[in-house]
Amino acid sequence: MTQPESNQMEKPQLSSFTNTAFLATLVSRSAPETEKIAGELAASLPANCVVALIGDLGAGKTCFARGIIRAKGVPGHIPITSPTFVIVNAYDTENPVFHFDWYRISDSLELDAIGYRDFLEQGGICIVEWPQNAPDAIPKETLFVHIHGLGESRTIDFYTTLPEPALTEIRSVLTQIVSRLLDVTDINQHTPP
Ligand SMILES: Nc1ncnc2c1ncn2[C@@H]1O[C@H](COP(=O)(O)OP(=O)(O)OP(=O)(O)O)[C@@H](O)[C@H]1O
Ligand SMILES: [Mg+2]
Numbered sequence: 087m088t089q090p091e092s093n094q095m096e097k098p099q100l101s102s103f104t105n106t107a108f109l110a111t112l113v114s115r116s117a118p119e120t121e122k123i124a125g126e127l128a129a130s131l132p133a134n135c136v137v138a139l140i141g142d143l144g145a146g147k148t149c150f151a152r153g154i155i156r157a158k159g160v161p162g163h164i165p166i167t168s169p170t171f172v173i174v175n176a177y178d179t180e181n182p183v184f185h186f187d188w189y190r191i192s193d194s195l196e197l198d199a200i201g202y203r204d205f206l207e208q209g210g211i212c213i214v215e216w217p218q219n220a221p222d223a224i225p226k227e228t229l230f231v232h233i234h235g236l237g238e239s240r241t242i243d244f245y246t247t248l249p250e251p252a253l254t255e256i257r258s259v260l261t262q263i264v265s266r267l268l269d270v271t272d273i274n275q276h277t278p279p
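According to my numbering, the sequence shown is numbered sequentially starting from 87.
Written out as C-alpha cells, the structure is:
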C-alpha cells in the first residue's frame, strides 16, 4: 500500500492560524469586477503586509492581484501576469509590490533559496498565490482572500490576522464594497413597472 510522503503529512496548514477574523463575503460577477474590488481594497492595505490569495486553478487570483497592482500605480501598458515560472515579479511603485506565485514551490526552504525573507523584510505589499504550498512562510499578519466558484460568478471570502487599525480600515472598505455590489444587485433584480 502506498503511504503518503511524510513531509506532506507534516506540512503545516493555513487553517492553523489563530486569531483569524472573518471580514466579509462578496460575489464578483466578472473579471473586471474582481479587479475593481481588489483595486478599491488596495488603498486600505497597510504599507507592509501580505495578501494571501487562495483558490483553484483559474479561480481569479491573478485577476485580484492585478487589481491591487494597478491601483498601486502600475500603468495599463505593463502586463501583469502570474509569475508561475519566475516565482516573483517586483513592481517599482512608490510602495513596492511583490507578486509571488508559489504554484511550483513545494516548501519554505525553496523560498529561502530565492530570498523570500529579504523581500518580506524590505517592506511593501507581498501578494502570494498558492500560499498553501508553504504555509509556514506566511507571516502572522496577513489578509487572506479565498476565491471560489464557477462561471463568471466568483465568491470571495476575506479573513485576516492583521491587527488594529488595519483590521477596522479593511473591514470598513469591504463594507462599502459590499453595499455597492448589493445596490447593483437590487437594480438588476428590480422589476420595471
Ligand atoms: N468573476 C470573475 N473573477 C475573476 N476572474 C474571472 C471571473 N469570471 C471569469 N473570470 C476568468 O477566470 C480566469 C481567472 O484567471 P486567473 O489567471 O486570474 O486565475 P488564477 O486563480 O490566478 O489561476 P492560476 O492558479 O492558474 O494562477 C480569467 O480568464 C478570467 O477572465
Ligand atoms: Mg494566477
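Glycine included, every Cβ here is placed at the ideal spot set by N, Cα and C.
Subject >> Close Cβ partners of R190 (< 8 Å) along its chain, the five nearest in sequence each way excluded >> reply: By one-based count along the sequence shown, residue 190 stands at place 104. Within the same chain, R190 has close Cβ partners T170, F171 and I173.
Original post:
What residue range is occupied by the uninterrupted alpha helix (DSSP H) comprising L195?
Top reply: Reading the sequence shown from its first residue, position 109 is the one you call residue 195. It spans S194 to A199 - the alpha helix (DSSP H) in which L195 sits, taken as one unbroken run.
Original post:
Along the chain, where does the alpha helix (DSSP H) that runs through F150 open and close?
Top reply: As a working mapping, residue 150 is identified with position 64 in the sequence shown. Run containing F150: K147 to A157, per the alpha helix (DSSP H) assignment.
**OP:** May I ask you to check if the CB of D142 is nearer than 7 Å to at least one heavy atom of ligand 2?
**Re:** Taking the sequence shown and counting its residues from 1, one reaches residue 142 at position 56. Because no heavy atom of ligand 2 lies under 7 Å away, the Cβ of D142 does not count as near it: no.
Subject >> Residue span of the alpha helix (DSSP H) that contains F205, given as start and end >> reply: Reading the sequence shown from its first residue, position 119 is the one you call residue 205. Y202 to Q208 is the extent of the alpha helix (DSSP H) around F205.
Subject >> Backbone secondary structure at T104 - three-state DSSP >> reply: One-based indexing of the sequence shown puts residue 104 at position 18. Of the three classes helix, strand and coil, the one that applies to T104 here is coil, per DSSP.
Original post:
For T57, which residues of its own chain have a beta-carbon under 7 Å away from its beta-carbon, when the five flanking residues on both sides are left out?
Top reply: The structure shown does not extend to residue 57, since the chain is modelled only from 87 through 279, so no value can be given for it.
Original post:
In chain order, what residues of the same chain have a beta carbon less than 6 Å from the beta carbon of N93, not counting five sequence neighbours either side?
Top reply: Numbered from its first residue, the sequence shown carries residue 93 at position 7. At N93, the pLDDT of 48 sits below 50, so the modelled position is not reliable; the number obtained from the coordinates is stated separately. Excluding sequence neighbours, N93 sits near nothing in its chain.
**OP:** Give every residue of the same chain whose Cβ lies closer than 7 Å to the Cβ of S192, excluding the five residues on either side of it in the sequence, and list them in chain order.
**Re:** For this step, residue 192 is matched to residue 106 along the sequence shown. Short of 7 Å from the beta carbon of S192, and not among the five residues preceding or following it, lie these beta carbons of its own chain, in chain order: N219.
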